[in-house]
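Asks: The structure under discussion is supplied below as C-alpha cells; questions concerning it will follow.
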Amino acid sequence: MEVFYNMDQEKELEESSGTSPVRALSPKSNTGRTHSLRASAPLLLIHTSRIAKPPPSSPAPPPAPPQNPSQAPEMASANAISTASILCSPKQGGLRRKGNQKVNFGQSGRRFAVRASAKEIAFDQKSRAALQAGIDKLADAVGLTLGPRGRNVVLDEFGSPKVVNDGVTIARAIELPDAMENAGAALIREVASKTNDSAGDGTTTASVLAREIIKLGLLSVTSGANPVSVKRGIDKTVQGLIQELEKRARPVEGRDDIKAVATISAGNDELIGTMIADAIDRVGPDGVLSIESSSSFETTVDVEEGMEIDRGYISPQFVTNPEKLIVEFENARVLVTDQKISAIKDIIPLLEKTTQLRAPLLIIAEDVTGEALATLVVNKLRGIINVAAIKAPGFGERRKAILQDIAILTGRAEYQASDLGLLVENTSVEQLGIARKVTISKDSTTIIADAASKDELQARIAQLKKELSETDSVYDTEKLAERIAKLSGGVAVIKVGAATETELEDRKLRIEDAKNATFAAIEEGIVPGGGAAFVHLSACVPAIKDKLEDADEKLGADIIQKALVAPASLIAQNAGIEGEVVVEKVKAREWEIGYNAMTDKYENLVEAGVIDPAKVTRCALQNSASVAGMVLTTQAIVVEKAKPKAPAAASPQGLTV
1 MEVFYNMDQE KELEESSGTS PVRALSPKSN TGRTHSLRAS APLLLIHTSR
51 IAKPPPSSPA PPPAPPQNPS QAPEMASANA ISTASILCSP KQGGLRRKGN
101 QKVNFGQSGR RFAVRASAKE IAFDQKSRAA LQAGIDKLAD AVGLTLGPRG
151 RNVVLDEFGS PKVVNDGVTI ARAIELPDAM ENAGAALIRE VASKTNDSAG
201 DGTTTASVLA REIIKLGLLS VTSGANPVSV KRGIDKTVQG LIQELEKRAR
251 PVEGRDDIKA VATISAGNDE LIGTMIADAI DRVGPDGVLS IESSSSFETT
301 VDVEEGMEID RGYISPQFVT NPEKLIVEFE NARVLVTDQK ISAIKDIIPL
351 LEKTTQLRAP LLIIAEDVTG EALATLVVNK LRGIINVAAI KAPGFGERRK
401 AILQDIAILT GRAEYQASDL GLLVENTSVE QLGIARKVTI SKDSTTIIAD
451 AASKDELQAR IAQLKKELSE TDSVYDTEKL AERIAKLSGG VAVIKVGAAT
501 ETELEDRKLR IEDAKNATFA AIEEGIVPGG GAAFVHLSAC VPAIKDKLED
551 ADEKLGADII QKALVAPASL IAQNAGIEGE VVVEKVKARE WEIGYNAMTD
601 KYENLVEAGV IDPAKVTRCA LQNSASVAGM VLTTQAIVVE KAKPKAPAAA
651 SPQGLTV
C-alpha cells in the first residue's frame, strides 16, 4: 500500500498540541511537501520515534494562519491525539479518513460481469449437413493413408513440414475454419484418438467406418426414420458382430505371426517387423518396448535384461571395479528386508555363514547405518567378505510390493518384513535369494536371476496384470506395467535413426503403431487383414437382423452391413482398383481369403502375412458406431459466432501500399 507523509501537518500538530509528536500519515494532498513511504499494514498513525525524519530539501515555510482565529483552539484540541489513546483502541484504524481521501484509488462498488460471446445455432437438416461436411473433409484426408499403397500427408505446423502416414496424427492436426464443420471433424478426431488409446492402431480404419455409418445413418434419418431406434439397431448389430469376431479370431502362433502383424502395421516395412519380433523374442510378451531417437542413422534394439532398481550402493567402498566405479557380483546371496540395520549384532550370524559359503552378499534394506555399515566396509576392505548394501526402492506400500517382487525373482528368498515379526538376526542362509549376476552403480542396481519356481513367478505376474486391468490411475498403470516387465524379462529399447528429422518422426510413428498392434495381437488374437474381416462379418448381419423386431432397428442393421465394406473398398481404390468389384469377389470367398493390395492377388491373407489384430478390429468397430450414434441423435448444433475482422488501418497520407 502506498501512503504519504505530510511534514506540514506534523509541524502544525506539534505546535497546537504540545505533546509527544505523533506523525499523521494520510493520502497525498494538494498542499505541502510529501514523502512516499511503504507501509506493510494499513495503519495511519506511527510514532515519531520509530521513523527517521527525512532531511528537508529546503526550509519549511511557516504555517498559514487560520482564516478564522476563533477556530484555532478547536483545531488544537482536535489534533491533540496522544500515543496512549491509539494503543488503547486496537480497533481504531488511526485518524479518520475524510470522504475525499482514499487509499484505494479504484472504484469500489462497481460490479463486474462476464458476458459470453454470441453463438450461432443450426437445427435439423442444416446442422446435420454441416456436421457431415466436416466429417467428410477429415475422413478424406485420413483415408488417403489406408492400405499398403496409401499415400502420405504433409503437415505444416511448426518448423519444417512433416510427412506422415499415421491417421491419428493427421486427424489431430486438422482444424477447419468453419465452426460447424469443425465440430463434425472433432467427432472423427474423437474416434481416432479413442481407438489409438485403446488399441494403439486402426485409427484410419475407425475414421473411415465412422464416416460411412454417419453418412448412411443421416440419410435414413432425413428420410423419416426414428434416430433413437436406428441407433439402438446399430448398437445391437455391433454387439453381435463383436461376439462373432471373438469366435473367429485365432491366437498368435510364434515369431512369424508377430513379424507379420508388425510389418503390416508399419506400412509393409519388413525391417520394422523383424526388429519388433526380435525385441519380443528377447523380453517376452509381457516385456516393455521403449522407443527413443538415435544420434546415428541406424535403427538398433538394445535389451536391458533383469530387474533394474533406481538405487545405488550406500558406500563407494563396496566398489569391486575401480575403473568403472561399479560393484559386480556373480552367484550372490540376496537379503531382502524393509528393516533398518544399524547394530552389527543383527547381521553377524549371517555374515559368518556367507563367509563360509564364499559367496558375495547383497543386502537390500531400508538403510544400513552406524556400526553395521562401518563393520561391513572394514571387512570388505580387508577382503574378509565380499558384500554390498543398497537402500530399498520405492516408498510406503509400493516399497513392500517391490521388495516382494525381488524376493520372488531371486528364487527362494524370503522377504523379511517387520510387520510380520521377522527379524534380520534370525535369518538363515536358506532364506536368502540367489542372483546370477548383480551390477551396482552409484545410481542404479541391476539384478539378473533365475526364479526357482516358475509357477510362483507366473502367479505374481498374473496378479499384477489383474491389478493393472482394474486401476484407473495413469501413474499406477505405468508403475504396474514396469513391474510386470521387470519380472518377465526386461525392457527393450528401440533407438530410431534417420537421415533427416522429417524421416525420423515418420519412422518413429510407424514403429509405435507396429509395437501397439503387436501387443494387441498377442492379447486378443489375429484376423485376416486388408479389410477382409469386415467384409466377411457383413455376411453375419442378416442373422442378427432377424432377431430385431422394430423396423427402424433393422434399418440400423442394414446401415452397419453396408458400412462394413468401406475399408476394403478404400484400400482397393488407393491401389488403383475398383473397390466395389473387389468387395463382391471377397464376399464370395472363405473367411481367410481376401484381396492383397500389395501383390494384386486374391489369396489366403493369413498365410500371406496380411493380418490385423482382433483387438484393433473390435475397437475400430465399437468406437465408430458409438460416435455415429451420437451424431444421428443430434438435432441442433451450437457454435461460437465468428467475429467480424477488424478493418485494416489506413495508410498514411502520401504513402501507397
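Number 366 in the working numbering belongs to position 366 of the sequence shown; there are no gaps in the numbering.
The beta-carbon is built from N, C-alpha and C at its ideal position, and this holds for glycine as well.
Compare the beta carbon distance of Ser294 and Val438 with 8 Å and say whether it is the shorter of the two.
Replies: As a position in the sequence shown, residue 294 is number 294, starting the count at 1. As a position in the sequence shown, residue 438 is number 438, starting the count at 1. For Ser294 and Val438, no; Cβs fall outside 8 Å.
Asks: Quick check on Asn426: buried or exposed, where buried means 16 or more other Cβ atoms within 10 Å of its Cβ?
Replies: Position 426 of the sequence shown, counted from the start, is the residue given in the question as residue 426. By the 10 Å Cβ count, Asn426 comes out exposed.
Asks: Spatial neighbours of Lys545 within its chain, please: CB distance less than 6 Å, with the 5 preceding and 5 following residues excluded, ordered by chain position.
Replies: In the sequence shown, the residue the question calls residue 545 occupies position 545. For Lys545, the CB contacts under 6 Å within the same chain, skipping 5 residues up- and downstream, are Lys554 and Ala557 in chain order.
Asks: Considering only DSSP beta bridges, list what Phe123 is partnered with.
Replies: Numbered from its first residue, the sequence shown carries residue 123 at position 123. Phe123 pairs with Ala636.
Asks: Among Glu175, Glu414 and Asp201, which has the Cα closest to the Cα of Thr337?
Replies: By 1-based counting over the sequence shown, the position of residue 337 is 337. Per the Cα distances, Glu414.
Asks: CA-CA distance, Val639 and Glu253?
Replies: As a working mapping, residue 639 is identified with position 639 in the sequence shown. As a working mapping, residue 253 is identified with position 253 in the sequence shown. For Val639 and Glu253, the distance between alpha carbons rounds to 51 Å.
Asks: I need the straight-line Cα distance from Lys353 to Ile280, nearest angstrom please.
Replies: The residue you call residue 353 lines up with position 353 of the sequence shown. The residue you call residue 280 lines up with position 280 of the sequence shown. Rounded to whole angstroms, the separation of the alpha carbons of Ile280 and Lys353 is 41 Å.
Asks: Going by DSSP, which residues form a beta bridge with Ala435?
Replies: Residue 435 sits at position 435 when you count from the first residue of the sequence shown. Paired residue(s): Ala332.
Asks: By alpha-carbon positions, which one of Gly396, Leu357 and Pro316 ends up nearest to Ala374?
Replies: The residue given as residue 374 occupies position 374 in the sequence shown. Considering only alpha carbons, the answer is Pro316.
Asks: Exposed or buried, what is Gln561 when buried is set at 16 or more other beta-carbons lying within 10 Å of its beta-carbon?
Replies: Mapped onto the sequence shown, residue 561 falls at position 561. So Gln561 ends up on the buried side.
Asks: Using a 10 Å radius around the Cβ and a threshold of 16 neighbouring Cβ atoms, would you call Gly594 buried or exposed?
Replies: Mapped onto the sequence shown, residue 594 falls at position 594. Gly594 comes out buried.
Asks: Can you pull the DSSP bridge partners for Gln463?
Replies: Within the sequence shown, the letter at position 463 stands for residue 463. Beta-bridge pairing links Gln463 to no other residue.
Asks: So which of Gly489, Asp600 and Glu478 has the shortest CA-CA distance to Ile448?
Replies: The residue you call residue 448 lines up with position 448 of the sequence shown. The shortest Cα separation from Ile448 among Gly489, Asp600 and Glu478 belongs to Gly489.
Asks: Indicate whether Leu361 and Leu335 have their beta-carbon atoms separated by less than 8 Å.
Replies: Taking the first residue of the sequence shown as 1, we reach residue 361 at position 361. Taking the first residue of the sequence shown as 1, we reach residue 335 at position 335. Contact flag set, yes.
Asks: How long is the line joining the alpha carbons of Val378 and Ala343, rounded to whole angstroms?
Replies: As a position in the sequence shown, residue 378 is number 378, starting the count at 1. As a position in the sequence shown, residue 343 is number 343, starting the count at 1. Each residue's Cα considered, the two are about 15 Å apart.
Asks: Is the stretch 475 to 494 in contact with the stretch 235 to 250, if contact means three or more CB pairs nearer than 8 Å?
Replies: no
Asks: According to DSSP, is Leu548 part of a helix, a strand, or is it coil?
Replies: In the sequence shown, counting from the first residue as 1, residue 548 sits at position 548. Leu548: coil per DSSP, three-state reduction.
Asks: Starting from the Cα of Phe318, find the closest Cα among Gln339, Gly284, Ile385 and Gly306 and give me that residue.
Replies: Position 318 of the sequence shown, counted from the first residue, corresponds to residue 318. Of Gln339, Gly284, Ile385 and Gly306, the residue nearest in Cα terms is Ile385.
Asks: Should Val142 be listed as close to the ligand MN, given that the test is whether its C-beta is under 7 Å from any heavy atom?
Replies: Absent from the structure shown: the ligand MN. Ligands present: none.
Asks: Within 8 Å, do at least three Cβ pairs link the stretch 220 to 238 to the stretch 159 to 175?
Replies: no
Asks: Comparing C-alpha positions only, which one of Ala133, Ala614, Ile571 and Glu584 sits nearest to Met598?
Replies: For the purposes of this step, residue 598 is identified with residue 598 of the sequence shown, where counting begins at 1. Nearest of Ala133, Ala614, Ile571 and Glu584 to Met598, Cα basis: Ile571.
Asks: Put Met598 into one of helix, strand or coil per three-state DSSP.
Replies: If you number the sequence shown from 1, residue 598 lands on position 598. Residue state, collapsed to three classes: coil.
Asks: Let's test the definition: count the other Cβ atoms within 10 Å of the Cβ of Val606 and tell me whether it reaches 16, buried, or not, exposed.
Replies: Residue numbering aside, residue 606 sits at position 606 when the sequence shown is read from its first letter. With 16 or more Cβ atoms within 10 Å of its Cβ, Val606 is classed as buried.
Asks: From Ala608 to Gly202, what distance separates their C-alpha atoms?
Replies: Translated into the one-based positions of the sequence shown, residue 608 becomes position 608. Translated into the one-based positions of the sequence shown, residue 202 becomes position 202. Distance between the alpha carbons of Ala608 and Gly202: 20 Å.
Asks: Nearest-angstrom Cα distance between Ile170 and Lys137?
Replies: Against the sequence shown, residue 170 aligns to sequence position 170. Against the sequence shown, residue 137 aligns to sequence position 137. Each residue's Cα considered, the two are about 12 Å apart.
Asks: Kindly indicate which residue of Ile234, Asn574 and Glu524 has the alpha-carbon position closest to the one of Val541.
Replies: Along the sequence shown, one-based indexing puts residue 541 at 541. Checking every option, the nearest Cα to that of Val541 belongs to Ile234.
Asks: Quick check on the burial criterion: 16 or more other C-beta atoms within 10 angstroms. Buried or exposed for Ile121?
Replies: The count along the sequence shown starts at 1 and reaches residue 121 at position 121. With fewer than 16 other Cβ atoms within 10 Å, it is exposed.
Asks: With Lys643 as the anchor, note down where its alpha helix (DSSP H) starts and where it stops.
Replies: Walking along the sequence shown from the start, residue 643 turns up at place 643. No alpha helix (DSSP H) holds Lys643; DSSP gives it neither H nor E.
Asks: So, are the CB atoms of Ser441 and Ile326 less than 8 Å apart?
Replies: Numbered from its first residue, the sequence shown carries residue 441 at position 441. Numbered from its first residue, the sequence shown carries residue 326 at position 326. Yes. Within cutoff.
Asks: Which of helix, strand or coil does DSSP assign to Pro316?
Replies: Counting from 1 along the sequence shown, the entry for residue 316 is found at position 316. Note: Pro316 maps to helix in three-state DSSP.
Asks: Mark Ile348 as exposed unless 16 or more other C-beta atoms lie within 10 angstroms of its C-beta, in which case mark it buried.
Replies: Within the sequence shown, residue 348 is the residue found at index 348, counting from 1. Classification for Ile348: exposed.
Asks: Thr446 and Glu308: beta carbons closer than 8 Å?
Replies: Start at 1 with the first residue of the sequence shown, and residue 446 comes out as number 446. Start at 1 with the first residue of the sequence shown, and residue 308 comes out as number 308. In contact: Thr446 and Glu308 (Cβ atoms closer than 8 Å).
Asks: DSSP three-state label for Gly284, please.
Replies: Residue numbering aside, residue 284 sits at position 284 when the sequence shown is read from its first letter. Three-state result, Gly284: coil.
Asks: So Lys247 is in the alpha helix (DSSP H); what residue range does that whole segment cover?
Replies: In the sequence shown, residue 247 corresponds to position 247, counting from 1. Segment Pro227 to Arg248, the alpha helix (DSSP H) holding Lys247.
Asks: Which residue marks the beginning of the beta strand (DSSP E) containing Asp612, and which one marks its end?
Replies: Position 612 of the sequence shown, counting from 1, holds the residue named residue 612. Start and end: Ile611 to Pro613.
Asks: Out of curiosity, what's the CA-to-CA distance linking Thr355 and Ser418?
Replies: Stepping through the sequence shown from its first residue, residue 355 is reached at position 355. Stepping through the sequence shown from its first residue, residue 418 is reached at position 418. About 25 Å.
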